[in-house]
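Student: Take a look at this one; I'll ask things after.
2 protein chains.
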Amino acid sequence: MRISSRLTIAIHMLACIETFKATRKVTSDFLAGSINVNPVVIRRLLSRLKAAGIIKVARGTGGAEIARPLNEITVLDLFTAVDCVEGGDLFHFHEHPNPDCPVGRNIHTVLDGKLLRVQQAMEAEMQRITMADIIGETRDIIAAQS
Amino acid sequence: MRISSRLTIAIHMLACIETFKATRKVTSDFLAGSINVNPVVIRRLLSRLKAAGIIKVARGTGGAEIARPLNEITVLDLFTAVDCVEGGDLFHFHEHPNPDCPVGRNIHTVLDGKLLRVQQAMEAEMQRITMADIIGETRDIIAAQS
DNA sequence: AATAGATGTAATGTCAATAGTTACATCAAA
DNA sequence: TTTGATGTAACTATTGACATTACATCTATT
Numbered sequence: 003m004r005i006s007s008r009l010t011i012a013i014h015m016l017a018c019i020e021t022f023k024a025t026r027k028v029t030s031d032f033l034a035g036s037i038n039v040n041p042v043v044i045r046r047l048l049s050r051l052k053a054a055g056i057i058k059v060a061r062g063t064g065g066a067e068i069a070r071p072l073n074e075i076t077v078l079d080l081f082t083a084v085d086c087v088e089g090g091d092l093f094h095f096h097e098h099p100n101p102d103c104p105v106g107r108n109i110h111t112v113l114d115g116k117l118l119r120v121q122q123a124m125e126a127e128m129q130r131i132t133m134a135d136i137i138g139e140t141r142d143i144i145a146a147q148s
Numbered sequence: 003m004r005i006s007s008r009l010t011i012a013i014h015m016l017a018c019i020e021t022f023k024a025t026r027k028v029t030s031d032f033l034a035g036s037i038n039v040n041p042v043v044i045r046r047l048l049s050r051l052k053a054a055g056i057i058k059v060a061r062g063t064g065g066a067e068i069a070r071p072l073n074e075i076t077v078l079d080l081f082t083a084v085d086c087v088e089g090g091d092l093f094h095f096h097e098h099p100n101p102d103c104p105v106g107r108n109i110h111t112v113l114d115g116k117l118l119r120v121q122q123a124m125e126a127e128m129q130r131i132t133m134a135d136i137i138g139e140t141r142d143i144i145a146a147q148s
């Protein structure tokens, strides 16, 4: 299974919030229009990002804004905030290896650490990418197009 | 979504095939018993591993054996052989960003390379783990228990 | 040959997660 | 008080993983 598109949607959301903050109020409907998904999907993600302290959402009056400096928001922060892998484990281990088999009895012990290192390698690379990088590049490309 | 347990099952299968090759014929039913999944699940994975040139399966008479030196079979080989992520892409990108929005129009360009680097970091770590490592450690643990 | 014990694979069912959608309670500024 | 938002529950559809049954096919052995 691929990692949920919640991650790329969340990145897109932050890029929009920052890009349009000076020109308009960035509502869930506006974000839904840019990303092309249902507004409720956006609101569910706004909730999670708010709970993680990444954004602030104005109840009633509406509009979202980013709560931290862009270079202090990494892709890993978003990945964990929107809960892309259940229980935080990237790999789904088969649940019931046979304890009566010498291999089945020990396979977890042998593999768990190795799989964790794989996940950590992925997360370390995610941590190197900040929203400042992404939004900076986006701004440059948009400027070159206009 | 987590990565399919097909990966850990495939690793377990190879560990069993190697561990028991001297003492018994390793059939899909025997593997299913150690892993505790349905034999058909095992046979489907045997098919894929065979297609990848990792194992040989004796039709009719039965039994599986490993086709390459253990230190030339990496976890990455198994990951790709059993097709753990659809289309080879680890991340599911939202499908239809709005081309009329400057962010939606460019989000793919900005993100694709970065997401690929994350995936490559994960795969590089997978490539460092060989079945020789895994089976060696398993053998040591089993020996210490008996 | 016939048999026994395997593999190969199609067909079907169940379950869980994702995502779409409708509906509505709630909130805050004008 | 109205308006335009957010917050969230409820329901549905779709998809992938995995279980299971069934059966065709293969090959060593008798």
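Protein chains in written order, with the working numbering: chain A, 3 to 148; chain B, 3 to 148.
Note that beta-carbon positions come from the ideal geometry of N, C-alpha and C, so glycine has one too.
All values derive from a computational prediction rather than experimental measurement.
List, in order along the chain, the chain B residues whose C-beta lies closer than 8 Å to that of residue 80 of chain A?
Tutor: Counting from 1 along the first sequence, the entry for residue 80 of chain A is found at position 78. The premise fails here: residue 80 of chain A is roughly 12 Å from chain B at the closest Cβ pair, so nothing lies under 8 Å.
Student: In this structure, how does DSSP classify residue 81 of chain B when only helix, strand and coil are distinguished?
Tutor: For the purposes of this step, residue 81 of chain B is taken as residue 79 along the second sequence, with counting starting at 1. In this structure, residue 81 of chain B counts as helix in the three-state DSSP scheme.
Student: Tell me which residues of the stretch 43-74 of chain B have at least one Cβ-Cβ distance to chain A shorter than 7 Å, keeping chain order.
Tutor: none
Student: My assumption, with CB atoms under 8 Å, is that residue 137 of chain A sits in contact with residue 111 of chain B. Please give the rounded CB distance.
Tutor: Stepping through the first sequence from its first residue, residue 137 of chain A is reached at position 135. Stepping through the second sequence from its first residue, residue 111 of chain B is reached at position 109. That belief does not hold up - the Cβ atoms of residue 137 of chain A and residue 111 of chain B are roughly 13 Å apart, past 8 Å.
Student: Can you name, in chain order, every residue of its own chain whose Cβ lies under 7 Å from the Cβ of residue 131 of chain B, other than the five neighbours on each side?
Tutor: Against the second sequence, residue 131 of chain B aligns to sequence position 129. The answer, listed in chain order, is 76, 77.
Student: Can you list, in chain order, the residues of its chain with a C-beta nearer than 7 Å to that of residue 27 of chain B? Leave out the 5 residues immediately preceding and following it.
Tutor: For the purposes of this step, residue 27 of chain B is taken as the residue at position 25 of the second sequence. Result list for residue 27 of chain B: 64, 65, in chain order.
Student: Check distances from the C-beta atoms of the stretch 81-99 of chain A to those of chain B and list, in chain order, the residues that come in under 9 Å.
Tutor: 86, 87, 88, 89, 91, 92, 93, 94, 95, 96, 97, 98, 99
Student: Hey, how far is the Cα of residue 11 of chain A from the Cα of residue 68 of chain B?
Tutor: The sequence position of residue 11 of chain A within the first sequence is 9, counting from 1. The sequence position of residue 68 of chain B within the second sequence is 66, counting from 1. If you take the alpha carbons of residue 11 of chain A and residue 68 of chain B, they lie about 42 Å apart.
Student: What's the gap between the Cα of residue 88 of chain A and the Cα of residue 4 of chain B?
Tutor: Taking the first residue of the first sequence as position 1, residue 88 of chain A is located at position 86. Taking the first residue of the second sequence as position 1, residue 4 of chain B is located at position 2. Roughly 7 Å between the two C-alpha positions.
Student: Just curious, the beta strand (DSSP E) that residue 59 of chain A is in, first and last residue?
Tutor: By one-based count along the first sequence, residue 59 of chain A stands at place 57. Segment 57-59, the beta strand (DSSP E) holding residue 59 of chain A.
Student: With a CB to CB cut of under 6 Å and the five nearest residues on each side skipped, what residues in its chain are close to residue 58 of chain A?
Tutor: Counting from 1 along the first sequence, the entry for residue 58 of chain A is found at position 56. Taken in chain order, the residues that qualify are 67, 69.
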